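Engineer: I have a structure here, written as structure tokens, and I will follow up with some questions on it.
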Amino acid sequence: MTVNGKETNLEREMSIAEFLRFKGIVEALVAVEYNLNWVRREEWPNITLKEDDRVEVIQIMAGG
Amino acid sequence: MDDFLRIGGRDLSCRLFLGTGKFTSYDLIPQVIRESGSQLVTVALRRMDFDTPQENMVNYLPPGVILMTNTSGARNAAEAVRIARLARAAGCGDWVKIEVVPDHKYLLPDNCETIKATKTLAAEGFVVLPYMSPDLVAAKNLVEAGAAAVMPLGSPIGSNRGLKTKELVRILIEEINLPIIVDAGIGSPSEAAEAMEMGCAAVLVNTAIATARDPVAMARAFALAVEAGRGAYKAGLGPVRTYAEASSPLTGFLHDSAEDKGR
Numbered sequence: 001m002t003v004n005g006k007e008t009n010l011e012r013e014m015s016i017a018e019f020l021r022f023k024g025i026v027e028a029l030v031a032v033e034y035n036l037n038w039v040r041r042e043e044w045p046n047i048t049l050k051e052d053d054r055v056e057v058i059q060i061m062a063g064g
Numbered sequence: 001m002d003d004f005l006r007i008g009g010r011d012l013s014c015r016l017f018l019g020t021g022k023f024t025s026y027d028l029i030p031q032v033i034r035e036s037g038s039q040l041v042t043v044a045l046r047r048m049d050f051d052t053p054q055e056n057m058v059n060y061l062p063p064g065v066i067l068m069t070n071t072s073g074a075r076n077a078a079e080a081v082r083i084a085r086l087a088r089a090a091g092c093g094d095w096v097k098i099e100v101v102p103d104h105k106y107l108l109p110d111n112c113e114t115i116k117a118t119k120t121l122a123a124e125g126f127v128v129l130p131y132m133s134p135d136l137v138a139a140k141n142l143v144e145a146g147a148a149a150v151m152p153l154g155s156p157i158g159s160n161r162g163l164k165t166k167e168l169v170r171i172l173i174e175e176i177n178l179p180i181i182v183d184a185g186i187g188s189p190s191e192a193a194e195a196m197e198m199g200c201a202a203v204l205v206n207t208a209i210a211t212a213r214d215p216v217a218m219a220r221a222f223a224l225a226v227e228a229g230r231g232a233y234k235a236g237l238g239p240v241r242t243y244a245e246a247s248s249p250l251t252g253f254l255h256d257s258a259e260d261k262g263r
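Going down the list, the protein sequences come from chains A and B. At position 28 of the first sequence the residue is numbered 28 (our numbering), and the sequence of numbers has no breaks. At position 73 of the second sequence the residue is numbered 73 (our numbering), and the sequence of numbers has no breaks.
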């Protein structure tokens, strides 16, 4: 699957929530787009990532 | 007397909005916000870099300050809408600064795509503040589309060149029944005061403060200028004349009246 534009292989099947934990990301501070649609965080544990998926993990940055 | 700026159901007492980009350290941001008295700051959204995780800047923002996410990086309406929705999902709230910029040299916005994005997002309940090239027809379309304010540029983003679009901004202030906020280009406190004296509802400043030698002191200087400019606008500036009009009586002292008449 593609995460933030990079080809990424998962060692095992996991949900969006598990993937974020695996990456050590504090869930409260990010947004996730799954195949071009943003996903409510309540849905993160219910979506299992598949080979062709495109995921964007977005965070807030400084900006003008 | 209270002089609140009402936008998106909020009454703001400070008419200086701050951009948070370009500061050399996140530590400066809370100090700059405190010195400026600003109640609204802009932020951006970016892909998370898993290899070099960055500190989350939200931790540096004082509670109660309004976050307005910009859609920087968007080249069309669809991308701006996508970013705004993600911002809301990330917990930034409903305030969005639409910024659709297909041009990389001058970073001038695409007004047509901005209007489209404004319409979609306003209908979804966002408080939409579009950054735009000052154009009366586009501004009217933004009003129609549901914008909460209109934010014309003063000069190109980050240029610190001041209010080059002054006459066009003046027309917007006169004709548009929404707060007009100069966003981009203001480089010095005097230029912020100039915008406020004209009747702008607020100014959004980033680069001029972030790139100052002492950003915290500059934030204070901008706050004073915005307050002074607003005060002048409310007080009503005196008329501008071509010829001199003496401030002291010219007769009844040193010269006799006949001589005065001869002048």
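Using N, Cα and C, we set each Cβ at its ideal position, and we do this for glycine too. Please read all numbers here as calculations on a predicted model, not as lab measurements.
Determine, using beta carbons only, whether Arg75 (chain B) and Pro109 (chain B) come nearer to each other than 8 Å.
Structural biologist: No, the pair does not count as a contact, with Cβ atoms beyond the cut-off.
Engineer: Pull up the distance between the alpha-carbon of Ala62 (chain A) and that of Ile29 (chain B), whole angstroms please.
Structural biologist: The alpha-carbon atoms of Ala62 (chain A) and Ile29 (chain B) are separated by roughly 9 Å.
Engineer: Among B:Gly238, B:Ala221, B:Asp49, B:Glu175, which has the Cα closest to the Cα of Glu197 (chain B)?
Structural biologist: Checking every option, the nearest Cα to that of Glu197 (chain B) belongs to B:Gly238.
Engineer: Determine the closest residue to Arg170 (chain B) out of B:Asn160, B:Ala225, B:Ala90, B:Tyr233, with distance taken between C-alpha atoms.
Structural biologist: Checked all of B:Asn160, B:Ala225, B:Ala90, B:Tyr233; the closest Cα to Arg170 (chain B) is B:Tyr233.
Engineer: Could you tell me whether any Cβ in chain B is nearer than 8 Å to the Cβ of Asn4 (chain A)?
Structural biologist: Yes, Asn4 (chain A) counts as interfacial toward chain B.
Engineer: In chain A, what lies closer than 7 Å to Ser72 (chain B) by C-beta?
Structural biologist: Result: Gly63.
Engineer: Could you please give me the residues that DSSP links to Asn37 (chain A) through a beta bridge?
Structural biologist: Bridge partners of Asn37 (chain A): A:Tyr34.
Engineer: Between Gly64 (chain B) and Gly93 (chain B), what straight-line distance do the alpha-carbon atoms span, to the nearest angstrom?
Structural biologist: In a straight line, the C-alpha of Gly64 (chain B) is about 12 Å away from that of Gly93 (chain B).
Engineer: Would you grab the beta carbon distance between Asn4 (chain A) and Met48 (chain B) for me? Rounded to a whole angstrom, and I think it's under 8 Å.
Structural biologist: About 7 Å; that satisfies the 8 Å criterion.
Engineer: Measuring CB atoms only, is the stretch 165-183 of chain B touching the stretch 114-127 of chain B, in the sense that at least three cross pairs come out at less than 8 Å?
Structural biologist: Verdict: no, contact absent.
Engineer: Taking the beta strand (DSSP E) that Val14 (chain A) falls in, what are its first and last residues?
Structural biologist: The sequence shown places Met at residue 14 (chain A), rather than the Val named in the question. Neither: Met14 (chain A) is in no beta strand (DSSP E) and is coded neither H nor E.
Engineer: What's the gap between the Cα of Asp135 (chain B) and the Cα of Leu153 (chain B)?
Structural biologist: Whole-angstrom Cα-Cα distance: 10 Å.
Engineer: Taking the alpha-carbon positions, what's the Val34 (chain A) to Ile47 (chain A) distance?
Structural biologist: Contrary to the premise, residue 34 (chain A) reads as Tyr rather than Val in this sequence. Spanning the two alpha carbons is a distance of roughly 9 Å.
Engineer: Would you kindly work out how many angstroms separate the C-alpha atoms of Leu45 (chain B) and Ala246 (chain B), rounded to a whole number?
Structural biologist: Looking at the two C-alpha atoms, the distance is approximately 57 Å.
Engineer: Just to make sure I have the definition right: I need the residues of chain B whose C-beta is within less than 7 Å of the C-beta of Trp38 (chain A). Which are they?
Structural biologist: The answer, in chain order, is Arg85, Leu86, Ala89.
Engineer: What is the DSSP secondary structure of Ile115 (chain B), counted as helix, strand or coil?
Structural biologist: Looking at Ile115 (chain B) - three-state DSSP - the assignment turns out to be helix.
Engineer: Give a yes or no on whether the C-beta atoms belonging to Glu99 (chain B) and Asn141 (chain B) are separated by under 8 Å.
Structural biologist: No.
Engineer: Are the beta-carbon atoms belonging to Met14 (chain A) and Lys50 (chain A) less than 8 Å from one another?
Structural biologist: Against a cut-off of 8 Å, the Cβ pair of Lys50 (chain A) and Met14 (chain A) comes out as no contact.
Engineer: Tell me which residues share the same chain as Glu18 (chain A) and place their Cβ nearer than 8 Å to its Cβ, disregarding the 5 neighbours each side in the sequence.
Structural biologist: The answer, listed in chain order, is Pro45.
Engineer: Quick check on Val43 (chain B) - is its C-beta less than 8 Å from some C-beta in chain A?
Structural biologist: Chain A, which has a Cβ nearer than 8 Å to the Cβ of Val43 (chain B), makes this yes.
Engineer: Does the beta carbon of Thr24 (chain B) sit closer than 8 Å to a beta carbon anywhere in chain A?
Structural biologist: No, no contact with chain A.
Engineer: Would you kindly work out how many angstroms separate the C-alpha atoms of Tyr131 (chain B) and Arg10 (chain B), rounded to a whole number?
Structural biologist: Roughly 20 Å separates the two Cα atoms.
Engineer: In angstroms with no decimal places, state the Cα-to-Cα distance between Arg241 (chain B) and Ala87 (chain B).
Structural biologist: Straight-line Cα distance between these residues: approximately 50 Å.
Engineer: According to DSSP, what are the bridge partners of Gln59 (chain A)?
Structural biologist: Bridge partners of Gln59 (chain A): A:Val30, B:Arg46.
Engineer: Mind checking if Ile157 (chain B) is an interface residue toward chain A, Cβ cutoff 8 Å exclusive?
Structural biologist: Chain A, which has a Cβ nearer than 8 Å to the Cβ of Ile157 (chain B), makes this yes.
Engineer: At a Cβ threshold of 8 Å, is Leu29 (chain A) touching chain B?
Structural biologist: Taking Cβ atoms only, chain B reaches closer than 8 Å to Leu29 (chain A), which makes this a yes.
Engineer: First and last residue of the beta strand (DSSP E) that includes Asn70 (chain B)?
Structural biologist: Counting along the chain, the beta strand (DSSP E) containing Asn70 (chain B) begins and ends at 66-70.
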